[in-house]
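Numbering (the UniProt record's numbering) for the sequence shown: 1 to 293. Just so it is clear, CB atoms sit at the ideal spot from N, CA and C, and this is done for glycine as well. Quick caveat, the model's predicted, so the values are computed rather than measured. Data block below; observations after.
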Amino acid sequence: MPWIQLTVSAPEQHAPLVGDMLQGNGAMAVTYRDAQDNPIFEPPLGEVLYWQETLVTGLFPAETDLKPVLANLKKSKYFKDGLNYKTDPLEDKDWEREWMDNFHPIQFGKRLWVCPSWRDIPDPAAVNILLDPGMAFGTGTHPTTALCLQWLDSQDLTGKTVVDFGCGSGILAIAALLLGAERAIGIDIDRQALIASRENAERNGVAERLEVYLPSEQPTMAADIVLANVLAGPLQELGGVIKGYVGPHGDLVMSGILERQIEAVESAYNTEFTFDPATIQDDWVMLHATRKQ
1 MPWIQLTVSA PEQHAPLVGD MLQGNGAMAV TYRDAQDNPI FEPPLGEVLY
51 WQETLVTGLF PAETDLKPVL ANLKKSKYFK DGLNYKTDPL EDKDWEREWM
101 DNFHPIQFGK RLWVCPSWRD IPDPAAVNIL LDPGMAFGTG THPTTALCLQ
151 WLDSQDLTGK TVVDFGCGSG ILAIAALLLG AERAIGIDID RQALIASREN
201 AERNGVAERL EVYLPSEQPT MAADIVLANV LAGPLQELGG VIKGYVGPHG
251 DLVMSGILER QIEAVESAYN TEFTFDPATI QDDWVMLHAT RKQ
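Structure, rendered in structure tokens:
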């Protein structure tokens, strides 16, 4: 089905209302993006932030007459100084195929590969995670996940117990199990993430060694390794909970941190942990620490 896009420039305080107006005038979907170069890396918990100048795009069926839509927008008090907009035809494609073509097997370290199910496995002798992109975060394409996978690949995990805090797709827990860990525990606030983790563990033949929990259900434990690939804010706010999972002499791996946030995150943990130098990829950071004796 062919489509047409109507993109409207709006100040940040009006962006969500403009999105509502586009939906109210028949848009099938609405997206928001930055009109300049002002990225928002980490909004406060519970908040949705928009850019100072936001481009709001409504997706309409190609046969839609946009004149009434534009007339309604121009009546709004938000555009009393004029409506800045453009329209673009959107090529009709096989979007599922387009999406699938963008995902390829990726190698992490020396032994570990993440492979979509529709691609051939490049190295059958390697440690291969079969994982398809889905609703839960974590396919290895983002630097925060990649850094954790590379660290896991470099470790001897034989017989270890691993906690994956904020497990998402379960990719880190599954990688740890395939690399030799004896037991993995995934914890996430999103039930969909727990479902995805279970399904991915079954696909990779490690379901019997993976347990998943909501935070309200999580058991008391002292793990050999705790992986927390979340964001700097939760890492600081939930420091007491995360530290509680790390057993004596245990390893703590934290990711989802920007370079400017290193000091703040380390300060929440450094009375009990000794940190290695940060590992950095594309402005994102992984911190590895060991519990002090």
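Checklist entry - Rounded C-beta distance between cysteine 167 and alanine 176? I'm assuming under 8 Å. => result 11 Å between Cβ atoms; not a contact.
Next on the checklist: For a minimum of 4 consecutive residues, which ranges assigned as the alpha helix (DSSP H) are wholly contained in the segment 178-253?
Outcome noted: Taking only runs of at least 4 residues, the alpha helix (DSSP H) segments lying wholly in the segment 178-253 are 191-203, 232-237, 239-245.
Checklist entry - Taking C-alpha atoms, which residue in Gln218, Glu199, Glu208 lies nearest to isoleucine 189? => result Nearest in C-alpha terms to isoleucine 189, of all of Gln218, Glu199, Glu208, is Gln218.
Item to check | At least 3 beta-carbon pairs within less than 8 Å: the segment 192-199 vs the segment 211-226 | outcome: Three or more Cβ pairs drawn from the segment 192-199 and the segment 211-226 lie within less than 8 Å of each other, which places the two stretches in contact.
Checklist entry - Just the Cα atoms here: how many angstroms apart are leucine 157 and threonine 144? => result Approximately 20 Å between the Cα atoms of the pair.
Next on the checklist: Rounding to the nearest angstrom, what Cα-Cα distance links aspartate 20 and methionine 28 in this structure?
Outcome noted: Counting only the Cα atoms, methionine 28 lies some 11 Å from aspartate 20.
Next on the checklist: For histidine 249, count the other beta carbons within 10 Å of its own beta carbon; 16 or more makes it buried, fewer makes it exposed. Which is it?
Outcome noted: Counting C-beta atoms within 10 angstroms of its own C-beta, histidine 249 has fewer than 16 neighbours from the protein chains shown and is therefore classed as exposed.
Item to check | Exposure label - glycine 119; buried when at least 16 CB within 10 Å | outcome: First, the residue type needs correcting, since residue 119 is arginine and not glycine in the sequence shown. Arginine 119 comes out exposed.
Checklist entry - Can you tell me whether aspartate 123 is buried or exposed, with buried defined as 16 or more other CB within 10 angstroms of its CB? => result Aspartate 123 is exposed by the Cβ-count criterion.
Checklist entry - So, helix, strand or coil for lysine 80, using DSSP? => result Here lysine 80 carries a coil assignment [DSSP, helix/strand/coil].
Next on the checklist: Tell me which residues share the same chain as serine 255 and place their Cβ nearer than 6 Å to its Cβ, disregarding the 5 neighbours each side in the sequence.
Outcome noted: Excluding the 5 residues flanking it on each side, serine 255 has same chain C-beta neighbours closer than 6 Å at Thr144, Leu147, Cys148, Asn229, Met286, in chain order.
Checklist entry - Which of helix, strand or coil does DSSP assign to cysteine 148? => result DSSP, read as helix, strand or coil, puts cysteine 148 in helix.
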